[in-house]
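K.L.:
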Amino acid sequence: MVSPCSRCSLSPAQIRRPRNGSCVCAPCFFLLFEGEIHETITQNNLFQRGDRIAIGASGGKDSTVLIHVMTALNKRYDYGLDLVLLSIDEGIRGYRDDSLATVHRNKVEYGLPLEILSYRDLYGWTMDDVVGEIGLRSNCTFCGVFRRQALDRGAARIGASKIVTGHNADDVAETVLMNLLRGDIARLGRCADIVTGAGSAVSRSKPFKYAYEKEIVLYAYLKKLDYFSTECTYSPQAYRGYAREYIKNLERCDSSTIINIIHAAEQFKVVETEKAKQTIVPCSHCGYMTSSTICKACEFVDGLNRGRAKEALCSHRQTRRANDQGLQQSGGNGMGSGATSAVVGVTGDGTIDPVRVTGDGLLAGIVARGQPLDW
């Protein structure tokens, strides 16, 4: 016997939410999920009326749900935002070209303008070229540096003051763990921030910061949204994958692991006197604002062009390590006190588990009629 929806009591429950264990019907799940995103937006003052917002659109489940929810909330609550899709073409054959086809369909469906920037146009290299030069091991470092700058350049091109991305709670928790394992104190102090780059020309925010990946997948699945579900060709060997697997294993013991990691990270503070004193200046090569004479993207491109990409990567890592050592030597470990959080365990009740998320966050299996979707 299927229990009724815990919210409306009218329809049979279809979903058991990993967020709190409640069993709800699909329509109530949609309202609850969207309401929670609205609450995150309003409580953190992410936007102001009249803002031109660039939505980072990759065609994947997170960005597609973000497009759908941002469009819906903008209308429902009259945010008064000017929404634009912004996509980056990294130049990965068989992956990004297919996902961009999904973005083009989303553009038509939601009636939003679309701007696409490519690595080839910006840097003269595609990720296929980069991997051919340096191999698979460190390609994500190059891509991350290139992508961050490309998004900023794209936002400037379309006149957007803010970028929103589909980074979810799982992503944030993984980043916290990665920075902890690397000993990256500077980033550990800010990686859980919901807004980054505040006060700069273009800030970034994460409306899905507290949204579980499993619920985003459920939302996309039940809404029948059009999204691209293939993992990046070059990501299986990425360091993030190990952090993801570790957190998934911890979740089997305590389903609140992800949110606990985020809440703990929110209490990490880099003491003001320990922060590196950095002056932001235009890059002497491209004009992008940077704390060095030459920005990291130009350093990487220069290394690639001279056949010395691995040396550029080594220099990048040495700079990060030196910054961290500077923080440590200035006195203290860079963390504030009291970084604790309550543990609220949610256990299953044996309900059939018809839909699961694989290691890369994709749906697998089939839906069994008459049973809640249980995680």
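At position 23 of the sequence shown the residue is numbered 23 (UniProt numbering), and the sequence of numbers has no breaks.
Quick reminder that beta carbons are idealized off the backbone N, C-alpha and C, glycines included.
In this text the structure is predicted, and so the values were computed from the model without any measurement.
So the beta strand (DSSP E) E115 belongs to, where does it begin and stop?
P.N.:
Counting along the chain, the beta strand (DSSP E) containing E115 begins and ends at 114–118.
K.L.:
In whole angstroms, what separates the C-alpha of K275 from that of D98?
P.N.:
Its pLDDT being 49, under 50, K275 is placed unreliably in this model, and the value from its coordinates should be taken loosely. Roughly 42 Å separates the two Cα atoms.
K.L.:
In angstroms, rounded to a whole number, what distance separates the CA positions of Y123 and K296?
P.N.:
Between Y123 and K296, the C-alpha separation is close to 12 Å.
K.L.:
Below 7 Å CB to CB, which residues in the same chain sit around G303 once its five sequence neighbours on both sides are set aside?
P.N.:
Only A309, E311, A312 meet the Cβ criterion.
K.L.:
Apart from the five residues just before and just after V108, which ones in its own chain have a Cβ nearer than 8 Å to its Cβ?
P.N.:
Cβ neighbours of V108 beyond the five flanking positions: none.
K.L.:
Indicate the three-state DSSP secondary structure (helix, strand or coil) for C5 in the structure shown.
P.N.:
Reduced to three states, the DSSP call for C5 is coil.
K.L.:
Would DSSP call D78 helix, strand or coil?
P.N.:
Here D78 sits in coil by DSSP.
K.L.:
Drop a sphere of 10 angstroms on the beta-carbon of R252, count the other beta-carbons inside from all chains shown, and report buried for 16 or more, exposed for fewer.
P.N.:
R252 is exposed by the Cβ-count criterion.
K.L.:
Please name the residue or residues paired with Y23 in a DSSP beta bridge.
P.N.:
Note that residue 23 corresponds to Cys in the displayed sequence, not to Tyr. Per DSSP, R16.
K.L.:
Exposed or buried, E174, counting other C-beta atoms within 10 Å across all chains shown (16 or more means buried)?
P.N.:
Classification of E174: buried, given that the 10 Å Cβ count is 16 or more.
K.L.:
Within 10 angstroms of its Cβ, does E245 collect 16 or more other Cβ (buried), or is it exposed?
P.N.:
By the 10 Å Cβ count, E245 comes out exposed.
K.L.:
Under 8 Å: do the stretch 255–267 and the stretch 117–137 share three or more Cβ pairs, one atom per stretch?
P.N.:
With the cut-off at 8 Å, the stretch 255–267 and the stretch 117–137 do not touch.
K.L.:
Drop a sphere of 10 angstroms on the beta-carbon of P282, count the other beta-carbons inside from all chains shown, and report buried for 16 or more, exposed for fewer.
P.N.:
With fewer than 16 other Cβ atoms within 10 Å, it is exposed.
K.L.:
So who's on the other strand from G56, going by DSSP bridges?
P.N.:
Paired residue(s): L86.
K.L.:
Please report the distance separating the alpha-carbon of Y227 from that of Y219.
P.N.:
So the alpha carbons of these two residues sit roughly 12 Å apart.
K.L.:
Compare the C-alpha of P113 against each of N139, L86, G132, L100 and name the closest.
P.N.:
Nearest of N139, L86, G132, L100 to P113, Cα basis: L86.
K.L.:
Using three-state DSSP, classify S203 as helix, strand or coil.
P.N.:
It is a strand residue.
K.L.:
Spell out the partners DSSP gives M289 in its beta bridges.
P.N.:
Answer is P282, bridged to M289.
K.L.:
Can you have a look at D152 and say buried or exposed, based on whether 16 or more other CB atoms are within 10 angstroms of its CB?
P.N.:
Buried.
K.L.:
For V131, which residues in the same chain have their Cβ closer than 7 Å to its Cβ, ignoring the five residues on either side in sequence?
P.N.:
Closer than 7 Å at Cβ, skipping near neighbours: N139, Y234.
K.L.:
Return the chain-ordered list of same chain residues with a C-beta closer than 7 Å to the C-beta of A243, the five sequence neighbours on each side being excluded.
P.N.:
Once the five neighbours on either side are set aside, the close Cβ partners of A243 are E174, L177, M178.
K.L.:
Could you pull the DSSP bridge partners for I163 from this structure?
P.N.:
Answer is A54, R204.
K.L.:
Checking 8 Å against the spacing of the C-beta atoms, do G56 and I216 come in under that value?
P.N.:
No, the Cβ-Cβ distance between G56 and I216 is not below 8 Å.
K.L.:
Is it true that the CB of A186 sits closer than 8 Å to the CB of I262?
P.N.:
Against a cut-off of 8 Å, the Cβ pair of A186 and I262 comes out as no contact.
K.L.:
Is T40 helix, strand or coil by DSSP?
P.N.:
Correct three-state label for T40: helix.
K.L.:
With a CB to CB cut of under 7 Å and the five nearest residues on each side skipped, what residues in its chain are close to I294?
P.N.:
Cβ neighbours of I294 beyond the five flanking positions: C283, S284, H285.
K.L.:
Ends of the alpha helix (DSSP H) at N168?
P.N.:
That residue, N168, is in no alpha helix (DSSP H); it is neither H nor E in DSSP.
K.L.:
Tell me the rounded alpha-carbon separation between Y221 and A211.
P.N.:
Looking at the two C-alpha atoms, the distance is approximately 15 Å.
K.L.:
Pull up the DSSP beta-bridge partners for V195, would you.
P.N.:
Looking at the DSSP assignment, V195 forms a beta bridge with S205.
K.L.:
Among H68, M70, G241, whose alpha-carbon lies nearest the alpha-carbon of E231?
P.N.:
E231 has its Cα closest to that of G241, out of H68, M70, G241.
K.L.:
Measuring straight from C-alpha to C-alpha, what distance separates K214 and K206?
P.N.:
About 17 Å.
K.L.:
Less than 8 Å between C-beta atoms, sequence neighbours within five positions excluded: which residues of the same chain meet that for T290?
P.N.:
For T290, where only same-chain residues beyond five positions count, the Cβ hits under 8 Å are I280, V281, P282, C283, K296.
K.L.:
Go ahead and label C314 buried or exposed: buried means 16 or more other beta carbons lie within 10 angstroms of its beta carbon, across all protein chains shown.
P.N.:
So C314 ends up on the exposed side.
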